[in-house]
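Enquirer:
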Amino acid sequence: MSMAASAYVRIATMIERGDLDPGAVLTEASLMAAADTGRTPLREALQRLLRERWLEAGTGRGLRVPPISLDDQLARLEVRRPLEVLAVELAAVRADARQLAAVGEHMRALADVRDHEDYLSALARSHELIRGLANNDHLADALQPLQGLSRRFWLATTRDRQDEVEIGRSLYTPALGAVVRQDAAGAREAILLLHDHLADSALDWARRRAEQARFLPPSPRV
Numbered sequence: 030m031s032m033a034a035s036a037y038v039r040i041a042t043m044i045e046r047g048d049l050d051p052g053a054v055l056t057e058a059s060l061m062a063a064a065d066t067g068r069t070p071l072r073e074a075l076q077r078l079l080r081e082r083w084l085e086a087g088t089g090r091g092l093r094v095p096p097i098s099l100d101d102q103l104a105r106l107e108v109r110r111p112l113e114v115l116a117v118e119l120a121a122v123r124a125d126a127r128q129l130a131a132v133g134e135h136m137r138a139l140a141d142v143r144d145h146e147d148y149l150s151a152l153a154r155s156h157e158l159i160r161g162l163a164n165n166d167h168l169a170d171a172l173q174p175l176q177g178l179s180r181r182f183w184l185a186t187t188r189d190r191q192d193e194v195e196i197g198r199s200l201y202t203p204a205l206g207a208v209v210r211q212d213a214a215g216a217r218e219a220i221l222l223l224h225d226h227l228a229d230s231a232l233d234w235a236r237r238r239a240e241q242a243r244f245l246p247p248s249p250r251v
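Read left to right, the sequence shown gives residues 30 to 251 (the numbering used here).
(1) Give the single residue among Leu103, Arg181, Glu218, Ala36 whose Cα lies nearest to the Cα of glycine 47.
(2) Where does the unbroken alpha helix (DSSP H) through threonine 42 begin, and where does it stop?
(3) Specify whether the stretch 186-197 and the stretch 165-176 touch according to this definition: at least 3 beta carbon pairs, one from each stretch, less than 8 Å apart.
(4) Can you grab the Cα-Cα spacing for the pair asparagine 165 / histidine 135, in whole Å?
(5) Using three-state DSSP, classify leucine 227 as helix, strand or coil.
(6) Pick out the complete alpha helix (DSSP H) segments inside the stretch 131-170, 4 residues or longer, and give them in chain order.
(7) Quick one: what's got a C-beta closer than 6 Å to alanine 33's C-beta in the same chain, skipping five residues either side?
(8) Which residues in the same chain as leucine 112 place their Cβ atom closer than 8 Å to its Cβ, once the five residues preceding and following it in sequence are excluded?
(9) Is DSSP giving arginine 77 helix, strand or coil here?
(10) In this structure, does DSSP put arginine 238 in helix, strand or coil?
(11) Confirm, please, whether the CB-CB distance from leucine 106 to alanine 219 is below 8 Å.
(12) Would a C-beta distance cut-off of 8 Å place alanine 151 and alanine 138 closer than the cut-off?
(13) As an exercise, report each continuous alpha helix (DSSP H) stretch of at least 4 residues that is fully enclosed by the stretch 94-131, in chain order.
Following this line, the structure appears as structure tokens:
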């Protein structure tokens, strides 16, 4: 992995896991320190991070971590949904025996996941498999940032809801299992059910947030 690719992965992971706060304004110097890299590889990484919407251009020369946004999540899901349908359909007919064995191994590991942090890692692996088994690099490149930023939204909005881990597992397992059985129609049906839940979960978070805001004391007058 090149230094620029390594810097990209480190920064994207920190954003995904909330180590860099939503809305935080970052300088080039602070990102060099966070990624433990030099200016040239950082700038190469930043071009990709900006293009994929992991970062936003801030005021002046700064960069900003995007806020957690319902509208952004729904827009991502709108694009991700048909791409993942295509990915699992292709995976069901294109994946070879070695790739299918890797899915089976992952499904066994997924069954043992209990908390959000472990599930996030398992979720990233599920996404990696869905991308990779389609055996289409263009499709994989399009899906990677959409999946990563969706994981970020999920983690930020469900930390207080342990049931989301079990729900997510119960939806991913049938999709992966259908791929292993080389059942393209079953994989399509399962991934569509998953996406219905992802959209509903995002909307539910927005409703809960609005309800909580009703009970906050008014801001003091200046």
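Where is the CB? At the ideal position from N, CA and C, for every residue including glycine.
Expert: Considering the structure as presented:
(1) For the purposes of this step, residue 47 is identified with residue 18 of the sequence shown, where counting begins at 1. The shortest C-alpha separation from glycine 47 is found at Arg181.
(2) Here residue 42 refers to the residue found at position 13 of the sequence shown. In the DSSP annotation of this structure, the continuous segment of the alpha helix (DSSP H) that includes threonine 42 starts and ends at 32-45.
(3) Cβ pair count under 8 Å is below three, so no.
(4) The sequence position of residue 165 within the sequence shown is 136, counting from 1. The sequence position of residue 135 within the sequence shown is 106, counting from 1. In this model, asparagine 165 and histidine 135 are separated by some 21 Å (Cα to Cα).
(5) Position 198 of the sequence shown holds residue 227. Helix at leucine 227.
(6) Entirely contained in the stretch 131-170, the alpha helix (DSSP H) runs reaching 4 residues are, in chain order, 145-162.
(7) Translated into the one-based positions of the sequence shown, residue 33 becomes position 4. Setting aside the 5 residues that flank it on each side, alanine 33 is surrounded in the same chain by Pro70, Glu73, Ala74, each with a C-beta closer than 6 Å to its C-beta; the list follows chain order.
(8) Taking the first residue of the sequence shown as 1, we reach residue 112 at position 83. Closer than 8 Å at the Cβ level, and outside the excluded window around leucine 112, lie Leu168, Ala171, Leu172, Leu175.
(9) Numbered from its first residue, the sequence shown carries residue 77 at position 48. The answer is helix: DSSP assigns arginine 77 an H, G or I state.
(10) Start at 1 with the first residue of the sequence shown, and residue 238 comes out as number 209. Under the three-state reduction of DSSP output, arginine 238 falls in the helix class.
(11) Reading the sequence shown from its first residue, position 190 is the one you call residue 219. Reading the sequence shown from its first residue, position 77 is the one you call residue 106. A distance of 8 Å or more separates the beta carbons of alanine 219 and leucine 106.
(12) Stepping through the sequence shown from its first residue, residue 151 is reached at position 122. Stepping through the sequence shown from its first residue, residue 138 is reached at position 109. Yes, Cβ-Cβ distance for alanine 151 and alanine 138 is below 8 Å.
(13) Whole alpha helix (DSSP H) segments, 4+ residues: 99-123.
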